[in-house]
Amino acid sequence: MTTQPMTLLVIISEAVLEDTLIDEITELGAKGYTITEARGRGTHGTRAGRWTQGGNIRIEVVGNAQLCARIVRRLQSAFEKDYGLLMYTAPIELQN
Amino acid sequence: MHFEPVVLFFLLGVFAGLVRSDLKIPSAIYEALSIFLLLAIGLQGGVKLAEFELLELLVPSLLILAVGSLIPLLAFPVLRWLGRMTRADSASIAAHYGSVSVVTFSVAVALLAQEEVDFEGYMIVFLVLLEMPALVIGVMLARHGVGDVRWGKLFHEVFFGKSILLLAGGLVIGFIAGAEGIKPLDILFFDLFKGILALFLLEMGLVASARIAGLRAYGVFLVTFAVVTPLLSAVLGTLLGWALGLSLGGTVLLATLYASASYIAAPAAMRIAVPQANPALSIGASLGVTFPFNIFVGIPVYLWMAQFIHGLGA
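Chains A and B supply the protein sequences, listed in that same order. My numbering applies: residue 180 is where the first sequence begins, and numbers increase by one. My numbering applies: residue 6 is where the second sequence begins, and numbers increase by one.
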């Protein structure tokens, strides 16, 4: 069995943006994604997740490096200014 | 002084939050409680609505909407020029105060039930109607001449968001079923109403405690605004309710609707449509100041105002 080098993109942002972010990501060509609810603290204060709109989500996308770079550029220009948004990538080996 | 003991649960929640107790209401339970409250209020209104001619409601509805729209339009210049806030913040806060709060309304309903004051069931129709226009006005004020608005997204959020969907859905189901048809559900939706409201208020107290702790950061202006605005709006509601010939209970509920500020629907809608606005300011004012003010001081005062004006007419 061979493993395939891919990129994992993790996006942490506001729960209220969920639908919008998913639209952007799929439009840019992502084949899939995983969302989990998240809480935490950052430059936008504590996001305790007590209210639906007071929580964060964590979106994981696996794709090639170009796709992940495209998503990062698009989300950065559209949402970084006004919303809490944290993105990072890591090289991974896809196992199946 | 009229007093509804259920609001003490809110204080307990605030206390638990301030002393950093490990008390937490799991978000799944909070979601379930809010679904219950919205449906119960909707059903209660629907059952009572069945006693009225729907066409008779048209003119009062339009008047109540028109006067209700004045609240954000009047609040905006006050915030913008007196409070020297940014355009986005002023518009967002104005929208919060123009929109309504279901839980504040529920506490008023509970107080009326305790005082054995009856009210027109169609007040819940106004609750549904009043939630939306202020949000649209807020977005228009914020975006006056600048940028495009994702209206589609905003309308979807408002009309199909759970609060309008469940309130309106409950209203229709209650209307179709009528008092007899809904009887098997009475135990769940009507008898348990106050207990569930108590649990919900406990959670609201926990959430509000974080906002109350941050009050100093909002400044004297915003805190004053958050207390004076509901009082003035309630005067508007009391006068209009009396002019429309509403009953004593109906007048109290209209005053409460005008006085209440949204902290669930409006924050979500404003975050999407006016992202430049700082949500801490608007939620802090509406949840940290106006909500507790309304349930402890406001609603008893609105009851007194309504009794006063109805007494004048007699």
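Positions of the beta carbon are idealized from the N, C-alpha and C atoms, including for glycine.
Grab the span of the alpha helix (DSSP H) containing residue i for me, first residue to last.
i, result
"Q281(B)", "Run containing Q281(B): none; DSSP gives neither H nor E here."
"I34(B)", "S32 to L54"
"M128(B)", "M128 to E136"
"H149(B)", "Here H149(B) belongs to no alpha helix (DSSP H), and DSSP marks it neither H nor E."
"F20(B)", "L13 to L23"
"R85(B)", "R85(B) -> no alpha helix (DSSP H), and no H or E assigned at all."
"K158(B)", "W156 to F164"
"T295(B)", "Taken as a continuous stretch (DSSP letters only), T295(B) belongs to no alpha helix (DSSP H), as it is neither H nor E."
"K199(B)", "F198 to A218"
"A115(B)", "V107 to Q119"
For a test of the three-state rule: what should DSSP assign to residue i, helix, strand or coil?
i, result
"I300(B)", "helix"
"I187(B)", "coil"
"I142(B)", "helix"
"M185(A)", "strand"
"S97(B)", "helix"
"I271(A)", "strand"
"M90(B)", "coil"
"T215(A)", "strand"
"L59(B)", "helix"
"I269(B)", "coil"
"E193(A)", "strand"
"G208(A)", "coil"
"G179(B)", "helix"
"L251(B)", "coil"
"G263(A)", "coil"
Any heavy atom of the ligand PLP inside 8 Å of the beta-carbon of residue i?
i, result
"V83(B)", "This structure does not include the ligand PLP; it has no bound ligands of any sort."
For residue i, which residues in the same chain have their Cβ closer than 6 Å to its Cβ, ignoring the five residues on either side in sequence?
i, result
"L264(A)", "S192 and F258"
"L245(B)", "V72"
"L286(B)", "D94"
"G103(B)", "I76, P77 and A139"
"F194(B)", "A45 and L48"
"T215(A)", "R237"
"M310(B)", "T243"
Along the beta strand (DSSP E) that carries residue i, what are the first and last residues, could you check?
i, result
"S238(B)", "Run containing S238(B): none in the beta strand (DSSP E); it sits in the alpha helix (DSSP H), G224 to A248."
"E239(A)", "N235 to G242"
Excluding the 5 residues flanking residue i on each side, which residues of the same chain have their C-beta closer than 7 Å to its C-beta?
i, result
"S106(B)", "S265, A266, S267, Y268 and F296"
"Y263(B)", "G73, I76, S238, A239, L241 and G242"
"S32(B)", "none"
Check whether chain A comes within 9 Å of residue i, counting only Cβ atoms and requiring the distance to be less than that.
i, result
"I169(B)", "no"
"R276(B)", "yes"
"P280(B)", "yes"
"K158(B)", "yes"
"S111(B)", "no"
"S32(B)", "yes"
"A118(B)", "no"
"A231(B)", "no"
"A320(B)", "It is not possible to answer for residue 320(B), since the shown part of chain B is limited to 6 through 319."
For residue i, decide whether its Cβ has a neighbour in chain B, counting only Cβ atoms nearer than 9 Å.
i, result
"E193(A)", "yes"
"G219(A)", "no"
"L196(A)", "yes"
"T199(A)", "yes"
"K260(A)", "yes"
"G234(A)", "yes"
Identify which residue in the options has its Cα closest to the Cα of residue i.
i, options, result
"E121(B)", "A273(B), F301(B), G255(B) and V306(B)", "G255(B)"
"G157(B)", "A278(B), G303(B), V11(B) and D27(B)", "A278(B)"
"L204(B)", "V112(B), T91(B) and Y263(B)", "V112(B)"
"I314(B)", "L251(B), Y263(B) and A213(B)", "L251(B)"
"Q49(B)", "V24(B), D191(B) and I169(B)", "D191(B)"
"E9(B)", "G88(B), Y102(B), L236(B) and A118(B)", "A118(B)"
"V232(B)", "L42(B), A37(B) and V302(B)", "V302(B)"
"N299(B)", "G289(B), T261(B) and I288(B)", "T261(B)"
"L84(B)", "H101(B), F131(B), H161(B) and F124(B)", "H101(B)"
"R249(A)", "V195(A), T199(A) and T205(A)", "T205(A)"
"L202(B)", "I40(B), V19(B) and S32(B)", "I40(B)"
"Q281(B)", "L236(B), G166(B) and R92(B)", "R92(B)"
"I129(B)", "L43(B), A21(B), L13(B) and L253(B)", "L43(B)"
"G219(A)", "T181(A), A194(A), G242(A) and D261(A)", "A194(A)"
"T222(A)", "P270(A), K260(A) and A244(A)", "K260(A)"
"V306(B)", "A99(B), D123(B) and L116(B)", "L116(B)"
"F131(B)", "K167(B), L54(B) and A80(B)", "L54(B)"
"R216(B)", "F15(B), S66(B) and G293(B)", "G293(B)"
With a threshold of 8 Å on Cβ separation, who are the neighbours of residue i within its own chain once the five nearest residues in sequence on each side are excluded?
i, result
"P284(B)", "S97, P272, M275 and R276"
"Q183(A)", "E272 and L273"
"F57(B)", "E125, G126 and Y127"
"A173(B)", "G47 and V133"
"L207(A)", "L246, R249, I250 and R253"
"I363(B)", "With chain B represented from 6 up to 319, any question about residue 363(B) goes unanswered, as that position is not in the structure."
"G211(A)", "V240 and V241"
"L17(B)", "L207 and G210"
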